[in-house]
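Peer 1:
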Amino acid sequence: MVFGILGVTLDAAALDTRWRRWRPTVALGMQDDLIVDRLELWYDPSASSLLELVQGDLAAVSPETEVVPRPLPLKDPWDFEEVYAALLDGAVGYDFTPETEDYLLHITTGSHVWQICLFLLAEAKYFPARLLQTSPRRRQRGPEGEFGIIDLDLSRYDALARRFAEQRRDDLSFLKQGIETRSAAFNALIERIETVALRSREPMLITGPTGAGKSRLAKRIYELKAQRRQVSGRFVEVNCATLRGDAAMSTLFGHRRGAFTGALADRPGLLTAADGGVLFLDEIGELGSDEQAMFLRAIEDGRFLPMGADTEKSSDFQLIAGTNRDLRARVADGSFREDLLARIDLWTFELPGLAERREDIEPNLDYELDRAGRRLGTRVTINREARRRFVGFATSDGARWSANFRDLSAAVTRMATLAPGGRIDRDGVDEEVARLERGWRGAGPTSAAESDLELLRGALGERADALDLFDRVQLAEVIRVCRRSPSLAAAGRELFASSRLERSNPNDTDRVRKYLARFGLTGSSL
Numbered sequence: 002m003v004f005g006i007l008g009v010t011l012d013a014a015a016l017d018t019r020w021r022r023w024r025p026t027v028a029l030g031m032q033d034d035l036i037v038d039r040l041e042l043w044y045d046p047s048a049s050s051l052l053e054l055v056q057g058d059l060a061a062v063s064p065e066t067e068v069v070p071r072p073l074p075l076k077d078p079w080d081f082e083e084v085y086a087a088l089l090d091g092a093v094g095y096d097f098t099p100e101t102e103d104y105l106l107h108i109t110t111g112s113h114v115w116q117i118c119l120f121l122l123a124e125a126k127y128f129p130a131r132l133l134q135t136s137p138r139r140r141q142r143g144p145e146g147e148f149g150i151i152d153l154d155l156s157r158y159d160a161l162a163r164r165f166a167e168q169r170r171d172d173l174s175f176l177k178q179g180i181e182t183r184s185a186a187f188n189a190l191i192e193r194i195e196t197v198a199l200r201s202r203e204p205m206l207i208t209g210p211t212g213a214g215k216s217r218l219a220k221r222i223y224e225l226k227a228q229r230r231q232v233s234g235r236f237v238e239v240n241c242a243t244l245r246g247d248a249a250m251s252t253l254f255g256h257r258r259g260a261f262t263g264a265l266a267d268r269p270g271l272l273t274a275a276d277g278g279v280l281f282l283d284e285i286g287e288l289g290s291d292e293q294a295m296f297l298r299a300i301e302d303g304r305f306l307p308m309g310a311d312t313e314k315s316s317d318f319q320l321i322a323g324t325n326r327d328l329r330a331r332v333a334d335g336s337f338r339e340d341l342l343a344r345i346d347l348w349t350f351e352l353p354g355l356a357e358r359r360e361d362i363e364p365n366l367d368y369e370l371d372r373a374g375r376r377l378g379t380r381v382t383i384n385r386e387a388r389r390r391f392v393g394f395a396t397s398d399g400a401r402w403s404a405n406f407r408d409l410s411a412a413v414t415r416m417a418t419l420a421p422g423g424r425i426d427r428d429g430v431d432e433e434v435a436r437l438e439r440g441w442r443g444a445g446p447t448s449a450a451e452s453d454l455e456l457l458r459g460a461l462g463e464r465a466d467a468l469d470l471f472d473r474v475q476l477a478e479v480i481r482v483c484r485r486s487p488s489l490a491a492a493g494r495e496l497f498a499s500s501r502l503e504r505s506n507p508n509d510t511d512r513v514r515k516y517l518a519r520f521g522l523t524g525s526s527l
């Protein structure tokens with residue numbers, strides 16, 4: 002079944018010569034391998050005589066084709082808004098049955114605006130159709146011509162699918178700064194972030210401990226969107242923990258001269274600076290109550306009132322927020338607005354700490370060695386024995402990595418700076434290991450029980466304090482395994498590696514799900 006428009010130029014011909022020239026609409030009925038059961042033909046009411054001629058000629062060459070004329074009066078066929086609206090109304094009001102009919106959109110006739118509108122409507126699935134293009138034969142004259150069908154489902158084209166897959170891999174590597182990370186859970190997280198970053202302009206919330214890489218990831222998200230021309234403005238970053246009093250309002254929203262003591266000149270503010278770009282509010286949980294109220298409106302409708310101003314300003318920015326706090330707990334104690342959390346919590350991604358990604362320490366070591374070399378202006382390497390010693394220590398339970406990647410970066414910087422000739426040896430590693438251990442001891446010991454309780458509080462809130470020590474230890478380990486596993490089934494295979502062998506039909510997913518349900522948890526909530 003074909004939708005098309007009567008071409009007042011291409012479909013017209015003198016009566017005595019019309020069978021010697023190619024006419025796109027008539028040629029539809031002359032294709033041996035394209036049988037058109039029904040042709041829904043739009044036409045300008047002023048071309049009714051041409052319509053009758055084309056209908057008669059189609060009946061002669063393709064009597065099985067039912068022609069359904071559809072008048073479409075347009076004041077200006079080159080007016081994009083008018084043409085698109087008319088075609089959209091036609092699509093919305095049509096009773097499509099794709100289960101029993103195969104639809105094609107003939108885009109050869111009509112103005113270029115008409116063809117563009119049909120393409121856009123097909124791409125947006127208002128017309129569940131493929132595109133049909135007809136043309137005269139290149140080396141053979143005659144009225145039949147030839148045709149081609151274009152399917153806008155790009156996944157059907159193998160070469161394009163390969164290119165898209167390669168582009169996806171490049172995007173993921175870009176977000177990971179080229180680091181070949183090995184953690185399945187972290188790689189799955191980055192894939193989800195990449196999908197959301199390129200498809201949505203809604204706020205994103207990145208949570209995780211200090212030093213987990215929230216700021217760096219936000220910057221990479223912005224750079225990825227800038228590469229795709231999805232943003233035209235700047236990346237603007239501010240740590241909300243540094244904002245207090247009038248300075249907070251002024252920094253974010255700007256002020257007019259004289260708005261407060263010391264306001265000697267107008268200040269545009271960070272929201273204005275981020276217009277067309279990305280605003281990253283790190284530690285958003287530290288934002289004051291007044292700033293939260295004003296910021297909520299700025300997110301919802303893009304408008305805000307600078308301090309001392311009589312008229313509002315507007316800014317079209319995308320928000321990325323970061324926090325190492327439990328914002329729901331802050332809502333509960335009244336220090337964070339529930340409506341603001343609801344607005345920024347559409348896309349929330351939790352970055353794991355370095356200690357939860359020990360398999361990624363070695364590739365991050367290589368990345369930090371390259372960074373240190375660029376800063377020092379020389380190539381920095383580490384010999385085999387020194388690498389084995391450092392990686393062995395870094396992946397052991399004794400390595401706390403309390404500051405996460407900041408600890409790792411600082412350690413590599415120190416070793417690289419002190420390395421003779423830019424080559425880190427075993428002595429340099431031993432010295433750095435001793436330094437890290439002293440620093441972590443100075444920060445105060447963290448027992449396994451305290452670590453488990455901190456993890457459980459993040460998942461259960463205050464309910465974690467009511468658990469028996471036995472349940473704490475067991476549940477904390479289950480949560481750790483689930484977080485680093487790509488699925489509940491994979492987590493179940495690890496957790497029940499021995500007992501599952503005794504079962505004829507092990508259902509690992511169901512066992513994990515039932516265990517978590519005892520504590521009111523689900524796999525998606527972890």
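The sequence shown begins at 2 in the numbering used here and counts up one residue at a time.
We put the CB at the ideal spot given by N, CA and C, even for glycine.
Give me the Cβ distance between T66 and L73, rounded to the nearest whole Å; I'm assuming they're in contact under 8 Å.
Peer 2: With a Cβ gap of about 20 Å, T66 and L73 do not count as contacting.
Peer 1: Take every Cβ of the segment 271-288, pair it with every Cβ of the segment 316-325, and state whether three or more of those distances are shorter than 8 Å.
Peer 2: Yes, since at least three Cβ pairs between the segment 271-288 and the segment 316-325 fall closer than 8 Å, the two stretches touch.
Peer 1: How is T523 classed by DSSP in three states: helix, strand or coil?
Peer 2: Note: T523 maps to coil in three-state DSSP.
Peer 1: Do you know whose CA, among P64, R71, D34, lies nearest I6's CA?
Peer 2: Among P64, R71, D34, the Cα nearest to that of I6 is on R71.
Peer 1: Taking the alpha-carbon positions, what's the L11 to L54 distance?
Peer 2: Cα-Cα distance, rounded: 13 Å.
Peer 1: Residues in the same chain with beta-carbon distance under 7 Å from R24, minus the five sequence neighbours each way, listed in chain order, please.
Peer 2: These residues qualify, in order along the chain: L11, D12, A14, P144.
Peer 1: Using only the alpha-carbon positions, how far apart do D361 and L468 sit?
Peer 2: Looking at the two C-alpha atoms, the distance is approximately 32 Å.
Peer 1: Starting from S290, trace the alpha helix (DSSP H) in both directions and tell me its first and last residue.
Peer 2: Per DSSP, S290 belongs to the alpha helix (DSSP H) from 290-302.
Peer 1: Can the beta-carbon of L489 be found closer than 7 Å to that of G524?
Peer 2: Cβ distance < 7 Å, so L489 and G524 count as in contact.
Peer 1: Return the chain-ordered ranges of every alpha helix (DSSP H) run that is complete within the segment 345-402 and spans a minimum of 4 residues.
Peer 2: Runs found: 362-377, 385-395.
Peer 1: Hey, which unbroken runs of the alpha helix (DSSP H) at 4 residues or more fall wholly within the segment 70-122?
Peer 2: Counting whole runs of 4 or more residues, the segment 70-122 contains the alpha helix (DSSP H) stretches 81-93.
Peer 1: Could you check if T243 belongs to the surroundings of the ligand MG, using beta carbon to heavy atom distance under 6 Å?
Peer 2: The ligand content of the structure shown is nil, which means the ligand MG is not present either.
Peer 1: Give me, in chain order, the residues of the same chain whose beta-carbon lies closer than 6 Å to that of K515; leave out the 5 immediate sequence neighbours on both sides.
Peer 2: Same-chain partners within the cutoff: there are none.
Peer 1: So, are the CB atoms of L352 and G214 less than 7 Å apart?
Peer 2: Contact flag set, yes.
Peer 1: How big is the Cα-Cα spacing for G8 and T135?
Peer 2: Rounded to the nearest angstrom, the two C-alpha atoms are 13 Å apart.
Peer 1: Just tell me which of L42, D472, G149 has its CA closest to the CA of Q32.
Peer 2: Taking only the C-alpha atoms, the option nearest Q32 is G149.
Peer 1: Alpha carbon to alpha carbon, what distance is there between F187 and R437?
Peer 2: It should be noted that the sequence gives Leu, not Arg, for residue 437. Rounded to whole angstroms, L437 to F187 spans 25 Å at the Cα level.
Peer 1: With a cut-off of 8 Å, do at least 3 Cβ pairs link the segment 177-185 to the segment 228-243?
Peer 2: No: the two stretches stay apart, fewer than three of their Cβ pairs being nearer than 8 Å.
Peer 1: Going straight from the alpha carbon of F254 to that of R245, what length do you get?
Peer 2: Distance between the alpha carbons of F254 and R245 is about 13 Å.
Peer 1: Of all the options F120, A435, G423, M2, which has the alpha carbon lying nearest to the alpha carbon of F394?
Peer 2: Nearest option by C-alpha distance: A435.
Peer 1: Going by C-alpha distance, which of P99, Q56, S47 is nearest K76?
Peer 2: If we check each option's Cα against that of K76, S47 comes out closest.
Peer 1: Expressed to the nearest angstrom, what Euclidean distance is found between the alpha-carbon atoms of D359 and I194?
Peer 2: Asp is not the amino acid found at residue 359; the sequence shown has Arg there. Their backbone Cα atoms lie some 21 Å apart in a straight line.
Peer 1: Taking DSSP as the reference, what is the three-state secondary structure of D334?
Peer 2: DSSP places D334 in coil when its eight states are reduced to three.
Peer 1: Closest by CA to W441, which one among K226, A404, D334, R389?
Peer 2: If we check each option's Cα against that of W441, A404 comes out closest.
Peer 1: In whole angstroms, what is the alpha-carbon distance linking L265 and V430?
Peer 2: Spanning the two alpha carbons is a distance of roughly 53 Å.
Peer 1: Rounded to whole angstroms, what's the CA-CA distance from Y368 to L409? Just pull it up for me.
Peer 2: If I take the Cα positions, the gap works out to 11 Å.
Peer 1: Compare the C-alpha of R1 against each of I191, L461, L328 and name the closest.
Peer 2: The shown model of the chain, from 2 to 527, leaves out residue 1, and the question about it has no answer.
Peer 1: Using a Cβ-Cβ cut-off of 6 Å (strictly less than) and excluding sequence neighbours within five positions of V392, which residues of its own chain qualify?
Peer 2: Same-chain partners within the cutoff: E363.
Peer 1: Based on DSSP bridge pairs, tell me the residues matched to D172.
Peer 2: BP columns for D172 are empty, so no partner.
Peer 1: Tell me which residues share the same chain as G423 and place their Cβ nearer than 8 Å to its Cβ, disregarding the 5 neighbours each side in the sequence.
Peer 2: Around G423: G374, L377, T379, R380, V381, T382, A417.
Peer 1: If you follow the alpha helix (DSSP H) that S201 is in, where does it begin and where does it stop?
Peer 2: Segment: none, S201 is in no alpha helix (DSSP H) and carries neither H nor E.
Peer 1: Considering only C-alpha positions, which residue in the set L496, L470, L206 is nearest to R481?
Peer 2: For the residues L496, L470, L206, the minimum Cα distance to R481 belongs to L496.
Peer 1: Would you decide whether H113 is buried or exposed? Buried here means 16 or more other CB atoms lie within 10 Å of its CB.
Peer 2: The residue in question, H113, is exposed, as its Cβ has fewer than 16 Cβ neighbours within 10 Å.
Peer 1: Span of the alpha helix (DSSP H) holding F4?
Peer 2: Counting along the chain, F4 falls outside any alpha helix (DSSP H), though it belongs to the beta strand (DSSP E) covering 3-6.
Peer 1: In the DSSP assignment, the alpha helix (DSSP H) including Q475 goes from what residue to what residue?
Peer 2: Taken as a continuous stretch (DSSP letters only), the alpha helix (DSSP H) holding Q475 covers 470-485.
Peer 1: Tell me the residue span of the beta strand (DSSP E) that contains E1.
Peer 2: One cannot answer for residue 1 here, as it falls past the ends of the chain, which runs 2 to 527.
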